[in-house]
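Undergrad:
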Amino acid sequence: MKSSASVPKNIIVMIGDGMGYNTLDLANLYHRNTTGYQVGQHGEKPQNTPQPGFQSWQRVSMSTYPAFGTYNTFVNWSSTEGATGKPTDSAAAGTAMATGHKTLRGVIGMDIFNRL
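Under my numbering, think of the first position of the sequence shown as 26, with each following residue one higher.
As structure tokens, then:
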């Protein structure tokens, strides 16, 4: 018996360059008239209250290890010196988020070994 449920032809994944928690809060506020996070605090909701969309992520949304061993958590979190050491760009960040593989700056759709 053939199912009558429709199957999506395409799926579009949008990666917001520069998007942060406040962007997600604004989208939730617009879409559902509620938000889970305000001023960096987790919004406690009564039991059985549906979680707003996009509000179930882990609060630490970054990794602390590099693709090639150049990330130093002590330097990057104790001074501004790490910010001047060639941070990732949106091409590499988008590739990492879309594929699950870290890559080099300026690279799209390839890992550090030029494959994917």
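Backbone N, C-alpha and C define an ideal beta-carbon position, used for all residues, glycine too.
I need the straight-line Cα distance from HIS56 to ALA123, nearest angstrom please.
TA: Numbered from its first residue, the sequence shown carries residue 56 at position 31. Numbered from its first residue, the sequence shown carries residue 123 at position 98. Roughly 24 Å between the two C-alpha positions.
Undergrad: Counting only the same chain and skipping the five closest in sequence on each side, list residues whose C-beta sits under 8 Å from that of VAL38.
TA: Position 13 of the sequence shown, counting from 1, holds the residue named residue 38. Excluding positions up to five away in sequence, the list reads ALA123.
Undergrad: My output table needs one value for MET122: the three-state DSSP class, helix, strand or coil.
TA: Locating residue 122 in the sequence shown gives position 97, where the first residue counts as 1. It is helical.
Undergrad: Need the endpoints of the alpha helix (DSSP H) that ARG57 sits in, please.
TA: Taking the sequence shown and counting its residues from 1, the one referred to as residue 57 is at position 32. Note, ARG57: alpha helix (DSSP H), 46-57.
Undergrad: Can GLY131 and ALA116 be called in contact, C-beta distance under 8 Å?
TA: Working through the sequence shown from its first residue, we reach residue 131 at position 106. Working through the sequence shown from its first residue, we reach residue 116 at position 91. The answer is yes: Cβ separation under 8 Å.
Undergrad: Between PHE99 and the ligand MN, is the CB less than 7 Å from at least one heavy atom?
TA: Here there are no bound small molecules, and the ligand MN is not part of this structure.
Undergrad: Please return the same chain residues whose Cβ sits closer than 8 Å to the Cβ of ASP42, not counting the five positions on each side in sequence.
TA: Indexing the sequence shown from 1 puts residue 42 at position 17. SER115, ALA118 and GLY119, listed in sequence order.
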